[in-house]
Structures are given as structure tokens and as C-alpha cells.
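Scroll down for the structure; my scribbles are underneath it.
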Amino acid sequence: MFNQQCPNGRLLYSVLNTRCGALVSSGTVPGAQFQTKVKECFICTWSLHSHKMGILAVLALPLLLFGISGIIYIYQTVRWLLSKSAVQNKVVVITDATSGLGKECSRVFHAGGARLVLCGRTWEKLETLYDALIRVADPSMTYAPKLIFLDISDINCIRDVAKEILNCYGCVDILINNASMKVKGAVQSISLELDKKIMDANYFGPITLTKVFFRKAAYGVHPVEVAEEVLRTVSSKKQEVLLANPIPRAAVYIRTFFPELFFAVVASGIREKLKTEEES
-6 MFNQQCPNGR LLYSVLNTRC GALVSSGTVP GAQFQTKVKE CFICTWSLHS HKMGILAVLA
54 LPLLLFGISG IIYIYQTVRW LLSKSAVQNK VVVITDATSG LGKECSRVFH AGGARLVLCG
114 RTWEKLETLY DALIRVADPS MTYAPKLIFL DISDINCIRD VAKEILNCYG CVDILINNAS
174 MKVKGAVQSI SLELDKKIMD ANYFGPITLT KVFFRKAAYG VHPVEVAEEV LRTVSSKKQE
234 VLLANPIPRA AVYIRTFFPE LFFAVVASGI REKLKTEEES
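In C-alpha cells form, the structure reads like this:
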């Protein structure tokens, strides 16, 4: 029997009972045949209802997939805009930019629109890296990197290099000390002069360069944040790197998607500043 607890079942039963009740009571149609007809009608109605629901499901599935794809696209676009805006125009100095992590960082930061200063001990490798970056980048969205010859183990020339960079850009936002020196061999076979050179390249050189730039840091990014973000970028092979605190991230988001609100807040701040200056 059909389910009389269902609204459709109760309605169908009521209609069929009203129309066919007289026939059953008069004996024209036996009760068994009446129940069979009711069951067949109910099955037919339920099949039609299921068919309609199947059509609706088939039509709704592409719409659902389209909506999910749209959300993913918007999310990726927001991340791209935030990354481009956060890195753009920042002065980034990378030592030993021609190998390993330094080379990958050069590619990532250059794609993000940073003002790159690429340092290395081999001028030919620096020029090769320069050509590779310029060839794949959009010249309207990126800056030509500045190339500087630097031997990080030569403490005497580090201050001159730092002075040249500061004279060119005025400040340094991010410094990535990628240069290092490694020696393989037995300890007893390594001379004291080579030990001193290793210490200069791996410690005294980077710390000297860092201290010089710290005096002219614009606002900078914490070294831990740089290391974590670069590691995530290289591991996931992202095209951009984002280095910003939550408040700057929110400001970039508002400026990109709600420019009227952003400029209204900025204008309000300027008016308050002018009012304070006039009162003073």
C-alpha cells in the first residue's frame, strides 16, 4: 500500500476514494480491484514526481559547480592582488642571488614588482640572471634589478656596497642574506686563514651588512616572517610573495574592492590632521 502519512498520498487517496467509492459500495468494482488501481495510480504519480526531482538535480548540479568555481576564482584573485600590492616598490637586497634560494627569491620578488638589488661574486652569473628576469617579466609592472659585485667575506668592501645601495634607494625594506661559504675536508687539513675566511663569509660579513642596513630600514619585515613566507612560496611554487601584517592586508583589500570607502577614510584622516595643525 502507499503511504497515507505523506501529503501526496493522503490527497491521492482522498480523490480516488471520492470518485470510486460509489462504485465500490455498489459492487460495480470489487474492493480488491479498487486497491490495485489506487496502488498503480500512486506508483505512477510517485514515479513522475521522482523524474521531476531528477531533472531539477541535473539542472542544479552545473549551477552549483559554476558557483564553487566562481568562489575559488575570486579567492585566487584576491590573493594575487594582495600579493602584488604588498611587495610592489619595496627595496629588496639579496646576497648570492645567483644560486639556490637566492635565485628563487629573485624571481619571486621581481615578479611581485619589488626594487631588487642582486649581489654576487660572479658578474657573468649576475648578468645571466638579470637577462632571465627581464625576459619573463612585464616591464610596465616591474623594475630593472640593480647588479652589485659583492664578496661577503671581504669585510672592508661591505660598507662601501651598503653605502652605494643606500645612495641609490635611500632605504632597505628587506635583506636576504643568502651568501655563505662551505668547505669539505678534514679539519686538520684546513688552514687557519681559511677558517677565518669561512667565519667572515658566514657570520661577520652578513652581520656587518645587516647592522649597516638596520640604521636605514624604512619599516622592514621581521626576519622570521621573511623566512617563513619565502619557504611557503618556494614549497608551493607560488608566483607572488605576500609580506604584510593583518592591518595592511585589510587596507589593501579595502582599497582594491571598496575604493570609495578607502578614500573616504583617508580623506577623513587628512581633514583631522589639517584641523589639528590649524588649532595648534
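Under the numbering used here, residue 273 is the last one in the sequence shown; the count climbs by one each step, no gaps. Ideal Cβ positions, reconstructed from N, Cα and C, are used throughout, including at glycine.
Put Lys177 into one of helix, strand or coil per three-state DSSP. coil
By DSSP, does Lys77 sit in helix, in strand, or in coil? Only weak support is given to the placement of Lys77: the predicted model assigns it a pLDDT of 49, under 50, and the value that follows is read from those uncertain coordinates. Three-state DSSP puts Lys77 in a helix.
Find the nearest neighbour of Asp153 within the set Lys175, Ala179 and Phe206, judged by alpha-carbon distance. Phe206
How do the region 131 to 147 and the region 181 to 188 stand: do at least 3 beta-carbon pairs fall below 8 Å, yes or no? no
Classify Leu143 as helix, strand or coil using the three-state DSSP reduction. Residue state, collapsed to three classes: coil.
Going by C-alpha distance, which of Ile169, Thr121, Ile127 and Met192 is nearest Val176? Met192
Using only the alpha-carbon positions, how far apart do Leu56 and Ala90 sit? 48 Å
Cα-Cα separation, Leu109 to Ala53: So the two alpha carbons sit approximately 50 Å from each other.
Nearest-angstrom Cβ-Cβ length linking Thr203 and Asn170, presumed shorter than 8 Å: Approximately 7 Å separates the beta-carbon atoms of Thr203 and Asn170; this is inside 8 Å, confirming the contact.
With distance defined between alpha-carbon atoms, name the residue in Gly95, Ile64, Val180 and Val80 nearest to Gly106. Val80
Along the chain, where does the beta strand (DSSP E) containing Ile183 start, and where does it finish? It is not in any beta strand (DSSP E) - Ile183 carries neither H nor E in the DSSP assignment.
Between the Cα of Asn160 and the Cα atoms of Lys139, Asn195 and Ala172, which residue gives the shortest distance? Lys139
Same chain, Cβ closer than 7 Å to His103, neighbours up to 5 away in sequence not counted: If we look at His103 and ignore the five residues flanking it on each side, its Cβ neighbours are Leu109, Leu126, Ala130, Thr135 and Pro138.
Just to confirm before moving on: does the CB-CB distance between Pro199 and Ile158 stay below 8 Å? It is not a contact, given that the beta carbons lie outside the stated cut-off.
In three-state terms, what does DSSP make of Arg114? Coil, per DSSP.
What residue range does the beta strand (DSSP E) around Val86 cover? Val84 to Ile87
Roughly how many angstroms lie between the CA atoms of Thr121 and Gly113, to the nearest whole one? 12 Å
Since Asn160 is in the alpha helix (DSSP H), which residue starts that stretch and which ends it? Ile148 to Tyr162
Have a look at the DSSP bridge pairing and note the partners of Ile167. Val85
Return the CA-CA distance between Cys98 and Gly63, expressed in angstroms with no decimal places. 31 Å
According to DSSP, residues forming a beta bridge with Arg108: As a beta-bridge residue in DSSP terms, Arg108 pairs with Val84.
Selection from Ala172, Ala179 and Asn195 that minimises the alpha carbon distance to Lys96: Ala172
Beta carbon of Val85, beta carbon of Asp147: below 8 Å? no
Exposed unless 16 or more other CB atoms sit within 10 angstroms - verdict on Lys156: exposed
Distance, Ile87 Cα to Leu143 Cα: 11 Å
DSSP three-state label for Val22, please. Its pLDDT being 46, under 50, Val22 is placed unreliably in this model, and the value from its coordinates should be taken loosely. Note: Val22 maps to coil in three-state DSSP.
By DSSP, does Ala274 sit in helix, in strand, or in coil? As displayed, the chain neither begins before -6 nor continues past 273, which places residue 274 out of reach and without an answer.
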